[in-house]
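When we follow the numbering used here, the leftmost residue of the sequence shown carries the number 552, and every step to the right adds one. In this text, a Cβ means the ideal position worked out from N, Cα and C, and glycines have one as well. Below: the structure, in structure tokens.
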Amino acid sequence: MFGGATSASSSAASSTRAANRTSGPMNAFPTTSTGAGGGPGGAAGVYLLQTGTGPATSSTSSSAAATSSLSRYQSILDKQNELLQLGNVNPDQDLIEETVYEAVEREFIAYQSDIDFLTTQNQELERFIEKQKERHKEELQTEREKSYSSAKQQFEEIIENQRQQLNRFALEQPQQRQLLQNQERLSNNLQRQLQISEDLRREVSRLEDELELKEYEVRKFDEKSANLEYRVQEAMKAVRRAFAGFQREEDKAKKLIAEKERLVASHEQERTSLLSERASLRKELHRKMKGQKDMVEQLRDLQAPEDTAAKEIRREQDQQALVKILQHQVQSLQAKLVDSLKREQTNTSAISAGGTTSMNNNNTSGIMNTSSHSSFMKALKS
552 MFGGATSASS
562 SAASSTRAAN
572 RTSGPMNAFP
582 TTSTGAGGGP
592 GGAAGVYLLQ
602 TGTGPATSST
612 SSSAAATSSL
622 SRYQSILDKQ
632 NELLQLGNVN
642 PDQDLIEETV
652 YEAVEREFIA
662 YQSDIDFLTT
672 QNQELERFIE
682 KQKERHKEEL
692 QTEREKSYSS
702 AKQQFEEIIE
712 NQRQQLNRFA
722 LEQPQQRQLL
732 QNQERLSNNL
742 QRQLQISEDL
752 RREVSRLEDE
762 LELKEYEVRK
772 FDEKSANLEY
782 RVQEAMKAVR
792 RAFAGFQREE
802 DKAKKLIAEK
812 ERLVASHEQE
822 RTSLLSERAS
832 LRKELHRKMK
842 GQKDMVEQLR
852 DLQAPEDTAA
862 KEIRREQDQQ
872 ALVKILQHQV
882 QSLQAKLVDS
892 LKREQTNTSA
902 ISAGGTTSMN
912 NNNTSGIMNT
922 SSHSSFMKAL
932 KS
């Protein structure tokens, strides 16, 4: 299911890259919203496009490629989460993780190839723009120098001719004064034209400074684009690290589950051994109590025909000694029983509620047996 979506997105991305590559290195630079040529170049790119010497534009950009790659990866993750939430499917976790990881790898490789391709095209465009700028600057400088030198030479020749004419007119008839004034006005006009030429040179210098400023802004924009690409790469690395951490946490969880099962099995085994030990202690206690009862009955049968005071005193002393012996044996058995109960409670504290309930029932029966032993001892003392 995931493989189909991934293959479709990969085929779409590969077709886009193939279209970009077949269009040539001069046709892969996007158009901005202002209508001017986008990508590196700025005002120089606009000039080259207007003059017909610059490259054509295209609709491909690094930001669009990054957005499409991330959106495809997010759609894959959303589809996986949707399948896991339905509860009707039981996907193979390893297959899903491998598919997602392979999809991310393919998208990352495709995006990296797009970035390399755009970087190569940007470098070619920069070299092309630099060559065009140098060529245009040289042509403009040469043309400016030629026009300035020719205009200056013409103005100097005109001024020299005017001077010669003025000298000649000064020697000629007075009716030439009007013509002299006209020549003076023409000379003033030429001086103003020279001033206008100087102003034009200063304006050209100012425009060149503005062009350098625009080029600096274009370089800053290129640096920001490179920073964005670096952040996208860091984000992909973070995704890989998170995926690896998820796998490590899953391995830890599996190890903890295995350790828990081993502890539960050991607790069950120890509980079984404790129960068998407690049953054997109970049997021993019942056997000794039965023997004590038989001994008491025998003592009573032996003491029945004796009526003298000495026999009565000796009988009481024997009973007291027997009671002490029985008390000591019962206390030792009770201590062993309580010790086994404490060990069982300590070992079974991490087991399920059913085991705890059965243990409590066994403890209750043990306490009841202990209370019955105490009542029996009181009866013996009486």
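Does the Cβ of residue i have 16 or more other Cβ atoms within 10 Å, making it buried, or fewer, making it exposed?
i	result
Phe679	buried
Asn673	buried
Ser776	buried
Tyr781	exposed
Met787	buried
Tyr662	buried
Asp665	buried
Leu676	buried
Ala809	exposed
Glu690	exposed
Arg938	The structure shown does not extend to residue 938, since the chain is modelled only from 552 to 933, so the question has no answer here.
Arg752	exposed
Arg757	exposed
Arg728	exposed
Asp845	exposed
Rounded to whole angstroms, what is the Cα-Cα separation between residue i and residue j?
i	j	result
Ser738	Arg719	16 Å
Met910	Leu873	Because the pLDDT of Met910 is 46, which lies under 50, any placement of that residue in the model is unreliable, and the question is left without a value.
Glu948	Phe659	In this structure the chain extends from 552 to 933, so residue 948 is not present and cannot be described.
Asp773	Tyr699	38 Å
Gly796	Val790	10 Å
Glu694	Glu685	14 Å
Val944	Ser817	This structure leaves residue 944 out entirely; the chain is present only between 552 and 933.
Glu735	Arg770	53 Å
Ser701	Glu707	10 Å
Asp760	Arg792	48 Å
Arg865	Ser824	46 Å
Phe668	Ala804	44 Å
Asn839	His879	It is worth fixing the name first, because residue 839 is Lys in this sequence and not Asn. Taking the straight line joining both Cα atoms gives about 12 Å.
Glu681	Glu763	12 Å
Leu836	Lys811	37 Å
Gln820	Asp802	27 Å
Phe714	Lys703	Per the sequence shown, the amino acid found at residue 714 is Arg instead of Phe. Going by the C-alpha atoms only, they are around 16 Å apart.
Gln784	Asp629	22 Å
Gln692	Asp750	16 Å
Leu745	Lys688	23 Å
Ser560	Glu653	Confidence in Ser560 is poor, its pLDDT being 45 and thus under 50, which makes the residue's placement too unreliable to answer from.
Pro642	Ser622	Because the pLDDT at Pro642 is just 49, under 50, the model does not fix this residue reliably, and the value given afterwards should be weighed accordingly. Between Pro642 and Ser622, the C-alpha separation is close to 23 Å.
Ile710	Asn733	13 Å
Arg894	Arg822	9 Å
Arg657	Leu779	20 Å
Ser748	Gln683	26 Å
Please report the Cβ distance between residue i and residue j, rounded to the nearest whole angstrom; I am assuming they are in contact, meaning their Cβ atoms lie under 8 Å.
i	j	result
Leu731	Leu717	6 Å
Gln870	Leu850	7 Å
Leu832	Leu884	7 Å
Ser891	Arg829	5 Å
Gln843	Leu877	5 Å
Does any CB atom of chain B fall closer than 7 Å to the CB of residue i?
i	result
Leu751	Considering every chain present, this structure includes no chain B. It has just one protein chain.
- Residue ranges of each alpha helix (DSSP H) within the segment 805-880, 4 or longer: Scanning the segment 805-880 for uninterrupted alpha helix (DSSP H) segments of 4 residues or longer gives nothing; none is fully contained.
- Query: At what residue ranges does the segment 757-801 contain a whole run of the alpha helix (DSSP H), taking only runs of 4 or more?
  - Reply: Whole alpha helix (DSSP H) segments, 4+ residues: zero.
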